[in-house]
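**Student:** I am attaching a structure below and will ask some questions about it afterwards.
Chains as they are written, first to last, in this note's numbering: chain A, 8 to 258; chain B, 8 to 258; chain C, 8 to 258; chain D, 8 to 258; chain E, 8 to 258; chain F, 8 to 258.
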């Protein structure tokens, strides 16, 4: 099975962290194809960054359909473009926020999300509502660490995040922690040991859920609003994103 | 006051319908600047079309900021890119679905939305929830008319939509109708006379709400998650969308 | 266009503050007719005050209908009698809490309400739910200033309210402030400058929204539950409030 | 124990039906004091009727406080003025819609409301939400019988309502019926026998709940927003409704 | 009327406290039959304890049906087995959490629950949602007192709980307190005097609500999902719980 | 990895269907241990059946903990005892309703549940709410097939269920189907081919989700309310269910 894990920002060092986290949990027969968005923002820290990041993501998924990907992971905690991607994918597609929250709800009656900047908290809160997690998610906590500082050893990111996770357990009454950024993918195991409770990285969670769905023989439903895009004219600089004329969007 | 009304699809004949509807209600001192997206889909009928349409929309807003626009209307009923646009706009920004639903809630305790294809109904339903209109919106009704057929006299669109609006009043217990596509902007007055109840076109509604906000001296809040995008590197074909380095995103 | 702005309490000095706020934002062609309730409580600070205040309000609206009012503003933050007024009005009717909250949701993803006494907070919270603003309104904050103290320079009201607004931004993660009393109508501009974020006074907001609705040719729907009251016998001291027998409630 | 049951409309024949229903279930030591509103509409069939009806109701409650009433029932299915009445009452106060819905939720996992005119359905739906009954109330059904026709033997009201109740069980998956008008108080037992499921009249339900609360030694909380109204000046024709100056609102 | 009050744990000294609270409020003609579960946990402090406790409870209800019980009270704040019990009972069944929350909503617009261990708070929170009390219940507060410590004078339970109730009024803006454990049944009157606000013990509340329902002639609906269990084979150690073959579950 | 799949009813032929469905999707290294409840009802078709079924389930989980089970599947669509089981399990525990709904939400924006008897629909509806699936689940449809009839070829179950699934797609606007009974586990693939949309059997879904969680190194959180049961005395016929005294509930 081939799972394409796409980092929608352009920072390839972050893609490496993501790919490592994906491979660490992949089943023996699973091939992880990691991709970095070929265009757009170096990190995604707001609605604007997120909106622009979707184009590179869509291009990678279109390429994935021709390369034979069996499923996709969108490796940014805002789950940008999730439904748009599902329209052009035959196999299952998981966002890492979606994956992490659902997994957390299976192992605890309440969880907290620990994320980066306060200004992105609203994005997580919108996802909590979209996924029906209002009663499971006790709180979204911002550490005010910029995304790219996660890679900077001098930032103290690991310590700051671990402490915020510890506070979340104590103050929010949560039984599990969801890490709110793909750039934290390498921290989950360490923090779990430190705080003695499940800590969920969405990249790993999404890979395992895509494996599960493919194992069930399930792809994205092509009945209803996730059916292939209607054939129509696309023009201008994005004309190459026009859905394929062969009756389906991307095959 | 200058209000930029942006059609996020590339069909300029639809922009003309939109511009006419906007000008028909604009106050004496209001200048309507209508723009057609320079790229992307000819109509927006799904999550994929919508995601791609955001880029052309953002480019038009960036241009608007340099042209001195006092406010913006996003003239597609899915309100694509609404929060992203707000991040890069100084003045107020209204989506036409948002505008129409709020206005409907001021004149009736319940309304119905009459839209185009069934596959876009889910988009309207998500907006209903995002805007807190679950208790006001009684039902979203699809006519199965493709967007571009609205312009085709042979489609019988006016009659089909009028009949659906009539059924909505009778069956849904609604007191008002929201037209669910920018391409229906020229039908509101006619249908209102036919059915004897308020019929709200989002383009006109959004223009009047932007006028109201500018009249109140209000722009988009630059405190919190709608603040100017953080300065950062954008690369590749979308590098030109990089936020301005002068501390603000688009000025 | 003639907009009747009704202060449902009997304190005419407060009506003057309200009228000034309304006129300050009214468009050139808009005439503001300000009225003070002819009976009932001097201020509205609870469910009982509010219930009694509705009678004077209804009388003023009935008078407005004969005077040719094109729309109405109910200038008390509890929006007393809103749906009852809509039944007897041809034109649009806005409550100031309703207007302020909707406007706030257009310029920020979250807002806080700063109001007077803690005991009226429940009224604001009920309105937040009725208007579908649970996800936009982050918190309702009471200053424990009685309504009539707002007019007393010795009360320090301006300073106290400004500080509460500042705390709201910092602690609630809000991007805008809604002032929770008609008696604060003169403070919005000052506080906005002080805290650097949008501050919304409902009186001004409601006037502009009524202008917008009238500009759209919209009145209150007379289809459904806001139709003219059914003709019937009213007796006793309130017999004069009996709906007109001519088929409509108030014409 | 003395329970004052107030009919907020002015139709004394309806008060008689209400009083009989109340007395039929009252415990041995309970005295039912039935009162008809001294002013206002002959029936309550909309927001406007309801708003006006509150004044007569408040007067009767003020009188009740001096007469030694131990609790109150508001005998109109819209529960007009419920929180206002609670502010000026020492003992417990129940609305009949409130009482009926809560009781229904104790004997079935889902119930339907069968009411009079379609235009009042919105009032019932708002109460359903206020009381947290969204998941218990499966549907509000209108029979289009005007309130005063319930007393007219030629209207066929009993048959029409019984049939609607039967349909409710079959179509809504409900296990119990709530009758949506005080004027139906005499029909509950008959319909229950006919349809073989619990049928709840709010007048009887409210009397028993007030008895229960008084039996528990509970009155309305005077801590928080239901505390006695703040002392203040009331003027004009409603000046006599001014809260008592002795520190409490009505004693 | 005979009301069977069942303590689903096996601690008979707690049953005595419960029985005394029930008898203290019972009407003259009401006989309270108190029962202690014949099996299972000595106290209920988690999902597991609760699940096991249901068997003894069901056995006592089956016995109650043959003994002529007119209604039941489940005297544990988690309301274990509520719907299962309703299936096998002819008369009304109330859980004490259910009873207390509904009663609290009649005397205050907001209440707080003061309970025992933090780990059982989630159970109360689930009930708050099931009963539609999200808007009435302001907060669930844990004292970290184990259930059986409530009977230990050296635990300081009375003082600790009273102080928590006082804080609830001050910090949560609540007008009433719900005691979150059957073992607190004897504290309500004392705490109410101390804090000057309604304090509701669910045992007493449930007894009065069952009396009210029986007084209304209402039993559990046997239409729909609370109908007698379908006849079927039960085997193994719990074979004796097989529903009666005579067409009804337990008669 | 060893996953214990427990059928909480006593019908071993149904366990065989369940076991086959589980093994059909299990990964190479996964051992499926299927167990039939040793006591209680032959099928679960109501709240009472469900409550009683929990005891046998808990016994099988306690045994599973000593046998080295790495995770559990509760193979009844009501997910009986889910949180109780989680308290006494070290590894992850999934209910089949929970698993199926979450999986359905990954492949479609809306799904319908097709279940057995109308009287069990309420159980599914409660789970929909508990799992936050109100916006994803469009409708719960009953076929009125008793559970044990699913095994009877003469019942026409396969055809009846297939037709109901087809109607669900057409009428509910759903993109996927969730089968609402463990006894339907062998029908998913067939129906999916017939209707051309994803059909999800909870048994298979739960097995794959447990595999995913174990693959992520995640067990049930032992922080908070899912921690091991508190040590305490259990007496009577269920004394053997007393939590282990060694500090943990079941090890």
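Quick reminder that beta carbons are idealized off the backbone N, C-alpha and C, glycines included. On a predicted model such as this, the values are computed, not experimentally measured, just so you know.
Is any beta-carbon of chain B found at less than 8 Å from that of residue 232 (chain C)?
**Tutor:** Here residue 232 (chain C) refers to the residue found at position 225 of the third chain. Taking Cβ atoms only, chain B reaches closer than 8 Å to residue 232 (chain C), which makes this a yes.
**Student:** Residues of the region 75-100 of chain B in Cβ contact with chain D at a cutoff of 8 Å, in chain order, please.
**Tutor:** Cβ contacts with chain D come from no residue of the region 75-100 of chain B.
**Student:** Is it the case that the Cβ atoms of residue 50 (chain B) and residue 155 (chain B) are separated by a distance below 8 Å?
**Tutor:** The residue you call residue 50 (chain B) lines up with position 43 of the second chain. The residue you call residue 155 (chain B) lines up with position 148 of the second chain. Taking 8 Å as the Cβ cut-off, residue 50 (chain B) and residue 155 (chain B) qualify as a contacting pair.
**Student:** Quick one: which chain A residues come within Cβ less than 7 Å of residue 49 (chain B)?
**Tutor:** The residue you call residue 49 (chain B) lines up with position 42 of the second chain. Near residue 49 (chain B) (Cβ distances below 7 Å), the residues of chain A are 239 and 240.
**Student:** Note down the Cα distance separating residue 257 (chain C) from residue 200 (chain E), rounded to an integer number of angstroms.
**Tutor:** Here residue 257 (chain C) corresponds to residue number 250 of the third chain, with the count starting at 1. Here residue 200 (chain E) corresponds to residue number 193 of the fifth chain, with the count starting at 1. Caution applies to residue 257 (chain C), whose pLDDT of 42 falls short of 50 and renders its modelled position unreliable; the model cannot decide the point.
**Student:** Check the Cβ-Cβ distances between residue 225 (chain D) and every residue of chain E, and say whether any is below 8 Å.
**Tutor:** To locate residue 225 (chain D), count along the fourth chain from 1; it is residue 218. So, interface residue.
**Student:** Mind checking if residue 157 (chain F) is an interface residue toward chain E, Cβ cutoff 8 Å exclusive?
**Tutor:** Here residue 157 (chain F) refers to the residue found at position 150 when the sixth chain is read from its first residue. Cβ-Cβ to chain E under 8 Å: no for residue 157 (chain F).
**Student:** Express the C-alpha separation of residue 133 (chain C) and residue 180 (chain E) in angstroms, rounding to a whole number.
**Tutor:** Walking along the fifth chain from the start, residue 180 (chain E) turns up at place 173. Walking along the third chain from the start, residue 133 (chain C) turns up at place 126. About 14 Å.
**Student:** Between residue 206 (chain A) and residue 184 (chain A), is the Cβ-Cβ spacing less than 8 Å?
**Tutor:** The residue labelled residue 206 (chain A) in the question sits at position 199 within the first chain. The residue labelled residue 184 (chain A) in the question sits at position 177 within the first chain. Contact flag set, yes.
**Student:** If I measure Cβ to Cβ from residue 130 (chain D) and keep anything under 6 Å in the same chain, skipping five residues before and after, which residues do I get?
**Tutor:** In the fourth chain, counting from the first residue as 1, residue 130 (chain D) sits at position 123. Once the five neighbours on either side are set aside, the close Cβ partners of residue 130 (chain D) are 85.
**Student:** Leaving out five residues on either side along the sequence, give the residues of the same chain with a beta carbon under 8 Å from the beta carbon of residue 171 (chain B).
**Tutor:** Counting from one through the second chain, the residue named residue 171 (chain B) turns up at place 164. Hits under 8 Å: 121, 148 and 150.
**Student:** Taking the C-alpha atoms as reference points, what is the distance between residue 247 (chain A) and residue 102 (chain B)?
**Tutor:** Translated into positions along the first chain, residue 247 (chain A) becomes position 240. Translated into positions along the second chain, residue 102 (chain B) becomes position 95. Each residue's Cα considered, the two are about 27 Å apart.
**Student:** Which word fits residue 73 (chain A), buried or exposed, when buried means at least 16 other C-beta atoms lie within 10 angstroms of its C-beta?
**Tutor:** By one-based count along the first chain, residue 73 (chain A) stands at place 66. Residue 73 (chain A) comes out exposed.
**Student:** Using a cut-off of 9 Å between C-beta atoms, extract the partners of residue 142 (chain B) located in chain D.
**Tutor:** The sequence position of residue 142 (chain B) within the second chain is 135, counting from 1. Residues of chain D passing the Cβ test: 132, 133 and 136.
**Student:** I'd like to know whether the C-beta of residue 4 (chain C) is nearer than 8 Å to at least one C-beta of chain B.
**Tutor:** One cannot answer for residue 4 (chain C) here, as it falls past the ends of chain C, which runs 8 to 258.
**Student:** Does residue 22 (chain D) get closer than 8 Å to chain F when you measure Cβ to Cβ?
**Tutor:** By one-based count along the fourth chain, residue 22 (chain D) stands at place 15. So, not an interface residue.
**Student:** Within a Cβ cutoff of 7 Å, which residues of the same chain sit near residue 99 (chain C), ignoring the five residues on either side of it in sequence?
**Tutor:** By 1-based counting over the third chain, the position of residue 99 (chain C) is 92. Cβ within range, chain order: 78, 217, 220, 221, 225, 226 and 227.
**Student:** Residue 236 (chain F) and residue 94 (chain F) - do their beta-carbons sit closer together than 8 Å?
**Tutor:** Translated into positions along the sixth chain, residue 94 (chain F) becomes position 87. Translated into positions along the sixth chain, residue 236 (chain F) becomes position 229. Yes, the pair counts as a contact, with Cβ atoms nearer than the cut-off.
**Student:** For a contact meaning CB atoms closer than 9 Å, what does residue 129 (chain D) contact in chain B?
**Tutor:** Working through the fourth chain from its first residue, we reach residue 129 (chain D) at position 122. Correct list: 116, 117 and 180.
**Student:** Throw me the rounded Cβ distance for the residue 64 (chain C) and residue 39 (chain C) pair, which I believe falls under 8 Å.
**Tutor:** The residue labelled residue 64 (chain C) in the question sits at position 57 within the third chain. The residue labelled residue 39 (chain C) in the question sits at position 32 within the third chain. The pair is not a contact, with the Cβ atoms about 17 Å apart (cut-off 8 Å).
**Student:** Any chance you could list the beta strand (DSSP E) runs of at least 3 consecutive residues sitting entirely within the region 64-145 of chain F, in chain order?
**Tutor:** For the region 64-145 of chain F, whole beta strand (DSSP E) runs of length 3 or above, ordered along the chain, are 78-81, 100-102 and 118-122.
**Student:** Just list the residues that DSSP pairs residue 193 (chain B) with in beta bridges.
**Tutor:** The residue labelled residue 193 (chain B) in the question sits at position 186 within the second chain. Beta-bridge pairing links residue 193 (chain B) to no other residue.
**Student:** Have a look at residue 19 (chain A) and residue 27 (chain B) and give me their C-alpha separation to the nearest angstrom.
**Tutor:** Within the first chain, numbered from 1, the residue matching residue 19 (chain A) stands at position 12. Within the second chain, numbered from 1, the residue matching residue 27 (chain B) stands at position 20. Straight-line Cα distance between these residues: approximately 47 Å.
**Student:** In this structure, what does DSSP give as the bridge partners for residue 10 (chain D)?
**Tutor:** By one-based count along the fourth chain, residue 10 (chain D) stands at place 3. DSSP output for residue 10 (chain D) lists D:39 and D:78 as bridge partner(s).
**Student:** Throw me the rounded Cβ distance for the residue 24 (chain A) and residue 192 (chain A) pair, which I believe falls under 8 Å.
**Tutor:** On the first chain, position 17 is the one that residue 24 (chain A) refers to. On the first chain, position 185 is the one that residue 192 (chain A) refers to. Residue 24 (chain A) to residue 192 (chain A), Cβ: 5 Å. Contact.
**Student:** Can you give the Cα-Cα distance for residue 107 (chain A) and residue 32 (chain A), rounded to whole angstroms?
**Tutor:** If you number the first chain from 1, residue 107 (chain A) lands on position 100. If you number the first chain from 1, residue 32 (chain A) lands on position 25. The alpha-carbon atoms of residue 107 (chain A) and residue 32 (chain A) are separated by roughly 14 Å.
**Student:** By the criterion of Cβ-Cβ separation under 8 Å, what are the contact partners of residue 125 (chain C) in chain E?
**Tutor:** As a working mapping, residue 125 (chain C) is identified with position 118 in the third chain. Within 8 Å Cβ-Cβ: 180.
**Student:** Could you tell me the alpha carbon to alpha carbon distance between residue 55 (chain D) and residue 234 (chain C), rounded to whole angstroms?
**Tutor:** Working through the fourth chain from its first residue, we reach residue 55 (chain D) at position 48. Working through the third chain from its first residue, we reach residue 234 (chain C) at position 227. Spanning the two alpha carbons is a distance of roughly 10 Å.
**Student:** Does DSSP put residue 173 (chain A) in a helix, in a strand, or in coil?
**Tutor:** If you number the first chain from 1, residue 173 (chain A) lands on position 166. Helix, per DSSP.
**Student:** Between which two residues does the alpha helix (DSSP H) containing residue 211 (chain F) stretch?
**Tutor:** Position 204 of the sixth chain, counted from the start, is the residue given in the question as residue 211 (chain F). Unbroken alpha helix (DSSP H) run through residue 211 (chain F): 209-222.
**Student:** Under 8 Å Cβ to Cβ from residue 89 (chain F), same chain only, skipping five residues before and after it: list those, please.
**Tutor:** As a first step, residue 89 (chain F) is located in the sixth chain; it is residue number 82 there, counting from the start. Taken in chain order, the residues that qualify are 81, 100, 102 and 105.
**Student:** Report the neighbours of residue 218 (chain D) on chain E: residues whose CB is nearer than 9 Å to its CB, in chain order.
**Tutor:** Taking the fourth chain and counting its residues from 1, one reaches residue 218 (chain D) at position 211. Here the neighbours are 34, 215, 218, 219 and 222.
**Student:** Where do the ends of the alpha helix (DSSP H) carrying residue 184 (chain B) lie?
**Tutor:** Here the question's residue 184 (chain B) lines up with position 177 in the second chain. Not the alpha helix (DSSP H): residue 184 (chain B) falls in the beta strand (DSSP E), residues 183-186.
**Student:** Could you give the DSSP three-state label for residue 234 (chain A): helix, strand or coil?
**Tutor:** Here residue 234 (chain A) refers to the residue found at position 227 of the first chain. Coil.
**Student:** Along the chain, where does the alpha helix (DSSP H) containing residue 31 (chain C) start, and where does it finish?
**Tutor:** Along the third chain, one-based indexing puts residue 31 (chain C) at 24. Start and end: 19-32.
**Student:** Please report how far the alpha carbon of residue 142 (chain D) lies from the alpha carbon of residue 137 (chain E), in whole angstroms.
**Tutor:** Residue numbering aside, residue 142 (chain D) sits at position 135 when the fourth chain is read from its first letter. Residue numbering aside, residue 137 (chain E) sits at position 130 when the fifth chain is read from its first letter. Going by the C-alpha atoms only, they are around 8 Å apart.
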